[in-house]
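Using the working numbering, you'd call the opening residue of the sequence shown number 470 and step up by one each time.
Virtual Cβ for every residue (Gly too), placed ideally from N, Cα, C.
Report on the following structure.
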Amino acid sequence: MLQCRCNHRRSVSNNHVCHVENVRLLDRSSGQRKVSVGTLYLSATHTIFVENNPETRKETWVLHSMVSSVERPPTTPAGSQLILRCKDFRVIQLLIPQERDCMDIHASLARLSRPGVQKYSELYCLSFNPNVNKEEREESWNFIDLMADYRRMGVPNNLWVATAANSEYRVCDTYPSELFVPKSATPAIIVGSSRFRSRGRFPALSYFHQDTLAAVCRCSQPLSGFSGRCQEDELMLQTVMKSNPGSDYIYVVDTRPKLNAMANRAAGKGYESEDHYTNIKLQFIGIENIHVMRSSQQKIIDVGELRSPSMTDFLWGLENSGWLKHIKAVLDAGVFIARAVADEGVSVLVHCSDGWDRTAQACSVASVLLDPFYRTIKGLMVLIERDWVSFGHKFSHRYGHLDGDPKEVSPVIDQFLECVWQLSEQFPCAFEFNERFLIAIHTHVYSCQYGTFLGNCQKERRDMKLRERSHSVWSQLWKDRAEYTNPLYKAEQSQSQGVLRPNTTPYCFKMWKGLYNHVEKSATPRQSPADFLSAVREESQQLEEELTNHQEVPPGGTAHHHPGSRQGIQHTDTPPPQQHTTTTPTSTAQRSNRKPSFRQSPELRWA
């Protein structure tokens, strides 16, 4: 029977824990169908399965905000089934003895995993306490300084200046309050352009290339319809062009398929006419909309869940999903922008429909290709904070933080992270971070453990007072950077410098197994070469520290070589370095023989 440590049975609220015994957990991530028997606990923030085996007492913790769906297949003779599909693509399958308990847990999880619209107060980040004081929390929010990054680019300068036009979000409430625009763009031009752009998202600087003086700017589609025009908007694009002394035109990159952009004209929107906007070259890319991407990702998730598929089934599923075709389209957009800026020295204005999905993808991929800084751990944090967080990517809508419109959900930042992963596969020495870092960011986008990715724009986060009520994820990721460091990376290597020029022919793309496939894994996880090198490097550093601590250098004498030094050490049947044990939002951790404590959920660390 489902038992609750509270006054009202079968209810779950803060500090209340319900549990049911003799639950079976089917581990679908092992080569065999391993079944564990234990107790299932349901708290206000987590679902926890504790194994009965007194020798291991393994615990599996699932953060409710990581649950994408809860399914209840038909009852079997052995009990009632419950399947938890998680947003990191893991699947938890439970077998519960009593159907009534299964129904109660299903109803509770359905509510806890998807708080109601505008119920931000129920999200985990507002109750999560990582045991830091107020000063440390403020430092976590100040860890990323976007103005410092613009200064690193050489902005402001005699071409690009800060504007106060959007202070207090007066012109565009989904833009950041601090923006850079061409020096010749007057407030009247900015305001007029804003009125002619969807959602008021006028052209603003995303990235400035100091070597060529070309810039990457972003905005939303114009409200032109079939023949509409706006003098201020045309002047705004002229100011972007004039801010690059080395070029007499700019590229306008519309990331949508041309047919989609043409269809928007019937709704009074559309794209720039080269007859009205002089000195522009229009380029359509062909990235599909959020609805196509949502469907495509579900198909690639289904491929990742296949157990022992035939080659035919796997290849058919991969092709049928169209996922890699979409990844290629996003990467192609970034490549076009990077080549225009670095090779042609031409500025680029990027937009899609509203300028917060495909625009963010294209601009951020281009920045990764153009600038080695964004291929470092700190640099990728800065890039995501700039082009995604501050420029108003709709995190809460796109990643289902609340129980809103399911048609608003789409894997937009998933595709950006996968583009970075595809690049790291082509250029394994060019990135300071490893695959685990990208997966950690992906997990945090969905987990709501930190306030960084909550809300749909900067103004919304300010109104919710997230800086005072939650913590930023960036400082925590930085503290754990040793786990995310690529051992092949060296800043001085030629591959780590300059512009990346990837091959985007179809055979260069592959399925991201580390993210999507959690089914076919052996009982003993295989260690990747990069992980092995990281472990060897860590062990070598430990040996060096021990050597330093034990060496004795008498005055005027020579160093005494401790048996642990390189000269004196001999390895016989040395076991391979062990991997780090970490805890994730959907994790299995071996703990002491005790019941889990629910007063404070463990701080989750990410692999």
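key: chain D within 9 Å of residue 999, Cβ atoms only   = Considering every chain present, this structure includes no chain D. It has just one protein chain.
message = residue 834 and residue 806 - do their beta-carbons sit closer together than 9 Å?
response = Against a cut-off of 9 Å, the Cβ pair of residue 834 and residue 806 comes out as a contact.
key: Where the beta strand (DSSP E) through residue 752 begins and ends   = From DSSP, the beta strand (DSSP E) with residue 752 extends over 749-753.
Cβ contact check for the segment 596-606 and the segment 937-952: 3 or more pairs under 8 Å = Yes, since at least three Cβ pairs between the segment 596-606 and the segment 937-952 fall closer than 8 Å, the two stretches touch.
ask   = Taking one C-beta from the segment 876-886 and one from the segment 816-835 each time, how about it: are there three or more such pairs within less than 8 Å?
value = Yes, they touch.
query = Taking the beta strand (DSSP E) that residue 923 falls in, what are its first and last residues?
reply = It is not in any beta strand (DSSP E) - residue 923 carries neither H nor E in the DSSP assignment.
task = Determine contact between the segment 674-681 and the segment 802-819, defined as no fewer than three beta-carbon pairs at a distance below 8 Å.
result = Taking one beta carbon from each stretch, the segment 674-681 and the segment 802-819 have 3 or more pairs nearer than 8 Å; the two touch.
key: Sufficient close CB pairs (3 or more, under 8 Å) joining the segment 708-724 to the segment 842-851   = Contact fails: fewer than three Cβ-Cβ distances are below 8 Å.
task = Starting from the C-beta of residue 459, find all residues in its chain whose C-beta is less than 6 Å away, skip the five residues before and the five after it, and write them out in chain order.
result = Since the first and last residues shown for the chain are 470 and 1076, residue 459 lies out of range.
query = Span of the alpha helix (DSSP H) holding residue 651?
reply = According to the DSSP assignment, residue 651 belongs to no alpha helix (DSSP H) but to the beta strand (DSSP E) extending over 648-651.
Cβ contact check for the segment 602-609 and the segment 573-587: 3 or more pairs under 8 Å = Fewer than three Cβ pairs drawn from the segment 602-609 and the segment 573-587 lie within less than 8 Å of each other, which leaves the two stretches out of contact.
request  = Verify whether the separation of the beta carbon atoms of residue 594 and residue 962 is less than 9 Å.
outcome  = 9 Å or more divides the Cβ of residue 594 from the Cβ of residue 962.
key: Cβ neighbour criterion (16 or more within 10 Å) applied to residue 923   = Result: buried.
Whole-angstrom C-beta distance between residue 755 and residue 798, which should lie under 8 Å = Contact check for residue 798 and residue 755: beta-carbon distance about 6 Å, within the 8 Å limit, so the pair qualifies.
key: Environment of residue 955 [buried if 16+ CB atoms lie within 10 Å]   = Around the beta carbon of residue 955, 16 or more other beta carbons sit within 10 angstroms, so the residue counts as buried.
Counted within 10 angstroms of its Cβ, other Cβ atoms place residue 984 as buried (16 or more) or exposed = It is buried - the Cβ of residue 984 has at least 16 other Cβ atoms within 10 Å.
request  = Report the three-state DSSP secondary structure of residue 700 (helix, strand or coil).
outcome  = Helix at residue 700.
N-terminal and C-terminal residue of the beta strand (DSSP E) that residue 661 is part of = Note, residue 661: premise wrong, no beta strand (DSSP E); alpha helix (DSSP H) at 656-664.
message = Restricting to Cα atoms, I'd like to know which of 706, 585, 725 is closest to residue 719.
response = When the alpha-carbon of residue 719 is set against those of 706, 585, 725, the nearest one is in 706.
message = Going by C-alpha to C-alpha distance, which of 751, 671, 694, 869 sits closest to residue 763?
response = Residue 869 is the option with its Cα nearest to residue 763.
query = Are the CB atoms of residue 953 and residue 885 nearer to each other than 9 Å?
reply = In this structure, residue 885 does not lie closer than 9 Å to residue 953 by Cβ.
ask   = If you count every other CB in all the chains shown that lies within 10 Å of the CB of residue 695, and 16 or more means buried, which is it?
value = Flag for residue 695 reads exposed.
query = Any idea if residue 556 is buried or exposed, counting beta-carbon neighbours within 10 angstroms, 16 or more meaning buried?
reply = That one is buried.
query = Which whole-angstrom value describes the C-beta separation of residue 665 and residue 648, a residue pair presumed to lie in contact below a C-beta threshold of 8 Å?
reply = Contact between residue 665 and residue 648 does not hold, since the beta-carbon distance rounds to 17 Å and is not under 8 Å.
Residue 867 versus residue 1011: straight-line alpha-carbon distance, rounded = Here the alpha carbons of residue 1011 and residue 867 stand approximately 44 Å from one another.
task = Please state whether DSSP places residue 495 in a helix, a strand or coil.
result = Strand.
message = Could you pull the DSSP bridge partners for residue 727 from this structure?
response = When beta bridges are read from the DSSP output, residue 727 appears opposite no residue.
ask   = Near residue 634, what residues of its chain come up, given a Cβ to Cβ distance below 6 Å and the 5 sequence neighbours on each side ignored?
value = Once the five neighbours on either side are set aside, the close Cβ partners of residue 634 are 640, 656, 659.
message = To the nearest angstrom, how far is the alpha carbon of residue 622 from that of residue 675?
response = Going by the C-alpha atoms only, they are around 11 Å apart.
query = Quick one, are the C-beta atoms of residue 520 and residue 551 less than 9 Å apart?
reply = Not closer than 9 Å, so no.
request  = Please state if the CB of residue 615 and the CB of residue 851 are separated by a distance shorter than 9 Å.
outcome  = Yes, Cβ-Cβ distance for residue 851 and residue 615 is below 9 Å.
key: Three-state secondary structure assigned by DSSP to residue 735   = Per DSSP, reduced to three states, the secondary structure at residue 735 is coil, with no helix or strand assignment.
query = Considering only residues of the segment 857-894, which uninterrupted alpha helix (DSSP H) runs meet the minimum length of 4 residues and lie entirely inside it, listed in chain order?
reply = Runs of the alpha helix (DSSP H) inside the segment 857-894: 864-867.
request  = Please state whether DSSP places residue 1047 in a helix, a strand or coil.
outcome  = Because the pLDDT at residue 1047 is just 39, under 50, the model does not fix this residue reliably, and the value given afterwards should be weighed accordingly. Here residue 1047 sits in coil by DSSP.
request  = Please look up how many angstroms separate the CB atoms of residue 536 and residue 872, rounded, as I've assumed it's under 8 Å.
outcome  = Contact between residue 536 and residue 872 does not hold, since the beta-carbon distance rounds to 12 Å and is not under 8 Å.
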